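Enquirer: Before anything else, here's the structure in question.
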Amino acid sequence: MFDFIIVGSGFAGSVLAERIANVLNKKVLIIEKRNHIGGNCYDYKDENGIIIHKYGPHLFHTNYKEVFDYLSNFTDWNIYHHRVLAFIDGKKVPIPFNFNTIEQLFPSTLSQKLQEKLLNKYQYGSKIPILELKKEKDKDLKFLADYIYEKLFKNYTAKQWGIKPEEIDPEVTARVPVYISKDNRYFTDKYQAVPKEGYTKIFENMLSHPNIKLMLNTNFKEIINVDFESKKIYFFGQEFKGKLIFTGMIDELFDFKFGKLPYRSLGLRFETVEKEYFQEAPVVNYPNDYNFTRITEFKHIHPTNTDKTTILKEFPKEYKKGDVPYYPVFTSENRERYNKYKEFAESFDNIILVGRLAEYKYYDMDDIVKRALEVFEENFLNE
Ligand code: UDP
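In terms of our numbering, the sequence shown opens at residue 1390 and continues consecutively.
Set out below in structure tokens:
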């Protein structure tokens, strides 16, 4: 009946379903645990009429023209440049840490000296990960690196990941490098925009095809059985000979046979504030204060004409069964464990892993759209 079964309807699952249905004209079943599509990109209008991101802020940015063009088939966009402030030493200053941040935090002579020294060493416009800057020998630049590390990264990372910045894959903190420039934007990619009517609309448009059937509120374990010995897959008790595209937690797929993979989760608290605006930027990070990491105010992302505003506080926590697994925890030990699962998956003819959870990777939205398009071209285009 179905040529493909896809577990999960986030970007990984939805892009593949759309391609398979439209390009291959084959039949797809999507199995989704939640009562909605879109995975963690799901958004909706709340009781204040404001589009909110149910699973925390999602800001689209990419340098991949093909990804932007592909998604533009399913949405119009509003140009949007994301901005983040961090509350440091009693001030809200722009991050990524840049020359404006230096000017706002230090007296002018020191600020000038630091900017000159940075410009002597690095090219204007370059981006330096904090763990790189920390290796500086020059006394003033060392002072600056230690300051940024202590005030911006150390405690935020402890809250977010439960470990120190140097204990997590360097790519994680390198996502927010120090900018040798006066650019206050959080991202510098060529394409930065929000979908005009929100992300959910993109998924609705992708999945509305007669070849795509969707089962919401369904845990894949209820209908799919994977036999570890014979390497066969059963769908409602019958052998399934098509391809299974799995975008969920890989350790769960294989009954935790190599042990549990750790994830970080978030407690998300939405609040209505009886004011036109709550804060001066879409996101304010609190590295050193409170138990939450950041506050998002969604009205800045989708301007809405109302005298109330909706904000979101994020309280990071360890993932436990029943929580939402937002982030794989990228340490070398966990990567090794993941590789065992990956190898095991490869011993099946018809299991394909795609996505942040199935591949245990910190994919951004554009990365995963790109990856799903590549998986389609490499594996299925000639089917
Ligand atoms: N980070 C930090 N302080 C900040 C912002 C980020 O220490 O004010 C570190 C932290 O380890 C975080 C990582 O950089 O997990 C990546 O931040 P990003 O904003 O990309 O995280 P996401 O939006 O994906 O949660």
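Where a beta carbon is used, it is the ideal one built from N, C-alpha and C, also for glycine. Please read all numbers here as calculations on a predicted model, not as lab measurements.
(1) So, are the CB atoms of L1642 and N1739 less than 8 Å apart?
(2) Could you tell me if F1625 is buried or exposed, where buried requires 16 or more neighbouring beta carbons within 10 angstroms of its beta carbon?
(3) To the nearest angstrom, report how far apart A1410 and K1602 are at their CA atoms.
(4) Give me the Cβ distance between F1463 and N1594, rounded to the nearest whole Å; I'm assuming they're in contact under 8 Å.
(5) Grouping DSSP H, G and I as helix and E and B as strand, with all else coil, what is Q1581?
(6) As an exercise, report each continuous beta strand (DSSP E) stretch of at least 3 residues that is fully enclosed by the segment 1628-1700, in chain order.
(7) Please state the DSSP three-state secondary structure of Y1575.
(8) What residue from E1611, V1567, K1585 has the CA that sits closest to T1577's CA?
(9) Please report the residue range of the alpha helix (DSSP H) in which P1485 lies.
(10) Give a single yes or no on whether W1466 has its beta carbon closer than 7 Å to a heavy atom of the ligand UDP.
(11) Of the choices G1637, H1442, A1547, whose alpha-carbon is the least far from that of G1397?
(12) May I ask which residues mark the beginning and end of the alpha helix (DSSP H) holding I1537?
(13) State the Cα-Cα distance for the pair K1523 and R1564, rounded to the nearest angstrom.
(14) Does the beta-carbon of L1494 have 16 or more other beta-carbons within 10 angstroms, so that it is buried, or is it exposed?
(15) Between which two residues does the beta strand (DSSP E) containing T1451 stretch?
(16) Decide if F1617 is buried, meaning its Cβ has at least 16 other Cβ atoms within 10 Å, or exposed.
(17) Would you report the Cα separation of E1421 and F1635, rounded to the nearest angstrom?
(18) First and last residue of the beta strand (DSSP E) that includes Y1708?
(19) Cα-Cα, which of N1680, K1649, I1639, F1647 is closest to L1657?
(20) Is there contact here, the segment 1745-1753 with the segment 1606-1614, by at least three beta-carbon pairs under 8 Å?
(21) Is any non-hydrogen atom of the ligand UDP found closer than 7 Å to the C-beta of T1451, if you look at the structure I gave you?
(22) Checking the sheet assignment: what are the DSSP bridge partners for P1717?
(23) Considering only C-alpha positions, which residue in the set T1562, K1571, Q1581 is nearest to W1466?
(24) If you follow the alpha helix (DSSP H) that A1401 is in, where does it begin and where does it stop?
(25) Compute the Euclidean distance between the alpha carbons of R1683 and S1570, then round it to the nearest angstrom.
(26) Quick check: the Cα distance between K1548 and E1555, rounded to an integer number of angstroms?
(27) Can you find the residues in the same chain that come closer than 6 Å, C-beta to C-beta, to V1404, ignoring five residues on each side of it along the sequence?
(28) For E1660, which residues of its own chain have a beta-carbon under 6 Å away from its beta-carbon, when the five flanking residues on both sides are left out?
(29) Can you tell me the Cβ-Cβ gap for L1655 and F1704, rounded? I've got them flagged as a contact below 8 Å.
(30) Leaving out the 5 sequence neighbours to the left and right, which residues in its chain are closer than 6 Å to L1448 when beta-carbon positions are compared?
(31) May I ask you to check if the CB of T1577 is nearer than 7 Å to at least one heavy atom of the ligand PLP?
(32) Got a sec? Which residues, its chain only, sit under 8 Å from K1585 by beta carbon, not counting five neighbours each side?
(33) Enumerate in chain order the residues of its own chain whose CB-to-CB distance from Y1545 is below 7 Å, with the five nearest sequence positions on each side excluded.
(34) In the DSSP assignment, find the alpha helix (DSSP H) that holds D1755 and state where it starts and stops.
(35) Label N1573 either buried or exposed according to how many other C-beta atoms from any shown protein chain fall within 10 Å of its C-beta, with 16 as the threshold for buried.
Expert: Per the coordinate set shown:
(1) Here residue 1642 refers to the residue found at position 253 of the sequence shown. Here residue 1739 refers to the residue found at position 350 of the sequence shown. No. Outside cutoff.
(2) By 1-based counting over the sequence shown, the position of residue 1625 is 236. It is exposed - the Cβ of F1625 has fewer than 16 other Cβ atoms within 10 Å.
(3) Position 21 of the sequence shown, counted from the start, is the residue given in the question as residue 1410. Position 213 of the sequence shown, counted from the start, is the residue given in the question as residue 1602. For the pair A1410 and K1602, the Cα-to-Cα distance works out to about 10 Å.
(4) Residue 1463 sits at position 74 when you count from the first residue of the sequence shown. Residue 1594 sits at position 205 when you count from the first residue of the sequence shown. The Cβ separation is near 4 Å, so the contact holds.
(5) Translated into the one-based positions of the sequence shown, residue 1581 becomes position 192. Q1581: strand per DSSP, three-state reduction.
(6) For the segment 1628-1700, whole beta strand (DSSP E) runs of length 3 or above, ordered along the chain, are 1632-1635, 1652-1662, 1672-1674, 1683-1686.
(7) Counting from one through the sequence shown, the residue named residue 1575 turns up at place 186. Reduced to three states, the DSSP call for Y1575 is coil.
(8) Position 188 of the sequence shown, counted from the start, is the residue given in the question as residue 1577. Proximity to T1577 across E1611, V1567, K1585 peaks at V1567, based on C-alpha coordinates.
(9) Position 96 of the sequence shown holds residue 1485. Looking at the DSSP string, P1485 is not in any alpha helix (DSSP H), and its letter there is neither H nor E.
(10) Along the sequence shown, read from residue 1 onward, the residue named residue 1466 stands at position 77. Flag unset: Cβ of W1466 not near the ligand UDP.
(11) On the sequence shown, residue 1397 is found 8 positions in, with the first residue counted as 1. When only C-alpha atoms are compared, the closest one is G1637.
(12) Your numbering for residue 1537 matches position 148 in the sequence shown. That run of the alpha helix (DSSP H) goes 1528-1537.
(13) Residue 1523 sits at position 134 when you count from the first residue of the sequence shown. Residue 1564 sits at position 175 when you count from the first residue of the sequence shown. Between K1523 and R1564, the alpha-carbon positions lie close to 16 Å from each other.
(14) Here residue 1494 is taken as the residue at index 105 of the sequence shown, counted from 1. Buried, since its Cβ has 16 or more Cβ neighbours within 10 Å.
(15) For the purposes of this step, residue 1451 is taken as the residue at position 62 of the sequence shown. For T1451, the enclosing beta strand (DSSP E) covers residues 1449-1451.
(16) The residue labelled residue 1617 in the question sits at position 228 within the sequence shown. It counts as exposed.
(17) Indexing the sequence shown from 1 puts residue 1421 at position 32. Indexing the sequence shown from 1 puts residue 1635 at position 246. In this structure, the alpha-carbon of E1421 lies about 11 Å from that of F1635.
(18) On the sequence shown, residue 1708 is found 319 positions in, with the first residue counted as 1. For Y1708, there is no enclosing beta strand (DSSP E), since its DSSP letter is neither H nor E.
(19) Locating residue 1657 in the sequence shown gives position 268, where the first residue counts as 1. The candidate whose alpha carbon is nearest that of L1657 is N1680.
(20) In this structure the segment 1745-1753 does not lie against the segment 1606-1614, because fewer than three pairs of beta carbons, one per stretch, are closer than 8 Å.
(21) Here residue 1451 corresponds to residue number 62 of the sequence shown, with the count starting at 1. No - the ligand UDP has no heavy atom lying nearer than 7 Å to the Cβ of T1451.
(22) On the sequence shown, position 328 is the one that residue 1717 refers to. Looking at the DSSP output, P1717 bridges to Y1652.
(23) Taking the first residue of the sequence shown as position 1, residue 1466 is located at position 77. Distance from the Cα of W1466 is smallest, within the candidate group T1562, K1571, Q1581, for Q1581.
(24) Position 12 of the sequence shown, counting from 1, holds the residue named residue 1401. Per DSSP, A1401 belongs to the alpha helix (DSSP H) from 1400-1408.
(25) For the purposes of this step, residue 1683 is taken as the residue at position 294 of the sequence shown. For the purposes of this step, residue 1570 is taken as the residue at position 181 of the sequence shown. Taking the straight line joining both Cα atoms gives about 24 Å.
(26) Sequence index remark: in the sequence shown, residue 1548 carries index 159 (1-based). Sequence index remark: in the sequence shown, residue 1555 carries index 166 (1-based). Rounded to whole angstroms, K1548 to E1555 spans 14 Å at the Cα level.
(27) Your numbering for residue 1404 matches position 15 in the sequence shown. Counting only Cβ-Cβ distances below 6 Å, and skipping sequence neighbours, we find V1758, A1761.
(28) Within the sequence shown, the letter at position 271 stands for residue 1660. Around E1660, the same chain offers I1700 as residues with beta carbons nearer than 6 Å, after the five sequence neighbours per side are excluded.
(29) Residue numbering aside, residue 1655 sits at position 266 when the sequence shown is read from its first letter. Residue numbering aside, residue 1704 sits at position 315 when the sequence shown is read from its first letter. Rounded, the Cβ-Cβ distance is 7 Å, consistent with contact.
(30) What you label residue 1448 is simply residue 59 of the sequence shown in a count that begins at 1. Residues of the same chain with a CB within less than 6 Å of the CB of L1448, apart from the 5 flanking positions on each side, are H1471 in chain order.
(31) With respect to the ligand PLP, the structure shown offers nothing to examine, as its ligands consist of the ligand UDP.
(32) If you number the sequence shown from 1, residue 1585 lands on position 196. Hits under 8 Å: T1464, D1465, W1466, N1467.
(33) Position 156 of the sequence shown holds residue 1545. Cβ neighbours of Y1545 beyond the five flanking positions: N1674, P1676, T1682.
(34) Start at 1 with the first residue of the sequence shown, and residue 1755 comes out as number 366. Note, D1755: alpha helix (DSSP H), 1754-1764.
(35) Within the sequence shown, numbered from 1, the residue matching residue 1573 stands at position 184. Classification of N1573: buried, given that the 10 Å Cβ count is 16 or more.
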